[in-house]
Structure formats: structure tokens, C-alpha cells
Amino acid sequence: MMMKKLLACIAALILLSVPCMGICETDHEIPTIVTIVRAPDQEKAERPPCFPDPTENYIPMPETENYAHGKKVVSGVHADVYVSKNVNDGKTDTYWESKGLPAEMLIELGDTYSISTVGVFLNPASIWEPRQQEIAVWVSTDGIEYMEVAPAFLYQFDPATGNRIRIDIETVEAAFVKVIFTKNTATRTLGAQAAEICVY
Ligand SMILES: [Ca+2]
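Numbering (the numbering used here), first residue to last: -14 to 185.
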């Protein structure tokens, strides 16, 4: 028993002496073979140059307040589940679709504003084929007397440019904006379609 303990102690001493036997000792610095690079925090979606950002080709809209957002809207009969309130909820993946044409979308701004642009948006996803919609804009300050500020015109919607159109008008006071649709060349509907109507 004593012999076993003695042998165990000798073995332990040998192992402990290994670092002192020159194995780990060195008189020169071991070269670093791993370079540690701290990655910067990602603050936005990155897009490789071979995938250009499609939004760069979108028709620009004013950066001023959209007076239509979330305001009361009134329209006629809608198709399926595509109700009026979808037209100004701030999302282009929800939309209003009328049941037939012509169709009107009235937006009550809740106050009188000086407006100069109306934007009409569809979903920009490419599954939404290019189409044309004939649209006119009328405005009112009292909700009774309306004035035409943009005559009916056949506007081109195309996902390549954001599936949106911009109607610039002479600056006018308006508390009520009526957007009138009279034609839609889309193949899968007989009604007007708008994911968002914005008033600037
Ligand atoms: Ca919407």
C-alpha cells in the first residue's frame, strides 16, 4: 500500500514538473494565427449590389403629413372583404375594392387643410399586374359643394414604379376629398381598387 502511494506521488511530481521541463517554455512569442474582427452592429437591411433596391424606382410622394390617414371614409358597396377603411389604414397590403364602376371614395379630413397632392396606391408586389385606372378628384370645404380639381384621367399603375400614381393639383382648401373611379383595366375585377389613398 505504501509503495502504491509512493508511486502515485512520484507520478504526480513528474506531471507537475512537465511545465518546467521546457515544453511550454519559450523565449519567442507564438505567432497569432487567428485575427479577431469585431463585426459592426447591423442597423438596417443590407442589399447586395446585384440586387438593386426596387423602391428607388417608386414614384416619390411628398414627405409632408398625409391628412387622409385614419380619417373617416365613405364609399358605396364593396367587393368581398375589401372594405372602405382599408383605403387609409397606412398599409398597402390591405385594400378597398368597389363592387362595380363608377365608384367613389369620400375621405373626410376632419378639418380644412391646404392640399396639393393626392396619391393612390396599390399593393407594390409584382403579383399585382400593371393596370390603368381612370380617376378624378373633387374637393369640398363643407361637404355639400364640390369642385373638380383633377379631371378624369387614365393613370398607369405598375409594380415597377411602386404601383402608385401621384396627382398634383393646384393648392386648394379642402375638408372633404372625393376620389372618383370610372375605369379599371385589371383583368380580375370589375371595380375600383386602392390599397391607400393619401392626401398631402
Ligand atoms: Ca390599406
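For glycine and all other residues, C-beta sits at the position ideal for the given N, C-alpha and C.
Just confirm the distance between the C-beta atoms of M46 and S69, as a whole number of angstroms; I'd bet it's less than 8 Å. The Cβ separation is near 21 Å, so there is no contact.
Below 6 Å CB to CB, which residues in the same chain sit around W81 once its five sequence neighbours on both sides are set aside? Residues Y67, S69, N71, V72 and A179 of the same chain have their beta carbon placed closer than 6 Å to that of W81, with the five preceding and five following residues left out of the count.
Write down the C-beta distance between A121 and E133 rounded to the nearest angstrom, noting that I regard them as a contact closer than 8 Å. So it is a contact: roughly 7 Å between Cβ atoms.
Report whether the distance from the Cβ of E181 to the nearest heavy atom of ligand 2 is below 6 Å. Among the ligands modelled here, namely ligand 1, ligand 2 does not occur.
Given this structure, state the Cα-to-Cα distance separating I44 from V124, to the nearest angstrom. Here the C-alpha atom of I44 lies approximately 23 Å from the C-alpha atom of V124.
Using DSSP's beta-bridge definition, name the partner residues of A88. Answer by DSSP bridge pairing, in chain order: F166.
Start and end of the beta strand (DSSP E) containing F36? For F36, no beta strand (DSSP E) segment is defined, and its DSSP state is neither H nor E.
Would A24 be called buried (16 or more neighbouring beta carbons within 10 Å of its own) or exposed? When all chains shown are included, A24 counts as exposed.
When the Cα atoms are used, what is the spatial distance from G61 to T167? Straight-line Cα distance between these residues: approximately 14 Å.
Along the chain, where does the beta strand (DSSP E) containing S125 start, and where does it finish? For S125, the enclosing beta strand (DSSP E) begins and ends at R116 to S125.
Along the chain, where does the beta strand (DSSP E) containing A137 start, and where does it finish? Counting along the chain, A137 sits inside the beta strand (DSSP E) bounded by residues M132 to F142.
Quick one: Cα of R149 to Cα of E31, how far? Roughly 25 Å between the two C-alpha positions.
Measuring straight from C-alpha to C-alpha, what distance separates G104 and I182? If I take the Cα positions, the gap works out to 6 Å.
First and last residue of the beta strand (DSSP E) that includes V59? Counting along the chain, the beta strand (DSSP E) containing V59 begins and ends at K57 to S60.
Secondary structure of S69, DSSP reduced to three states: Reduced to three states, the DSSP call for S69 is helix.
Buried or exposed by the 16-neighbour rule on C-beta atoms within 10 Å, applied to K163: By the neighbour-count rule (16 or more Cβ atoms within 10 Å), K163 is buried.
Return yes when the C-beta of N51 is under 6 Å from any heavy atom of ligand 1, and no when it is not. Checking every heavy atom of ligand 1 against the Cβ of N51, none is found closer than 6 Å.
Could you check what DSSP says for A180 in three-state terms: helix, strand or coil? The three-state reading of DSSP puts A180 in coil, since its state is none of H, G, I, E or B.
Sub-7 Å separation of A88 and A171 beta-carbons: Contact: no.
Looking at T126: is its Cβ nearer than 7 Å to the Cβ of T97? Yes, Cβ-Cβ distance for T126 and T97 is below 7 Å.
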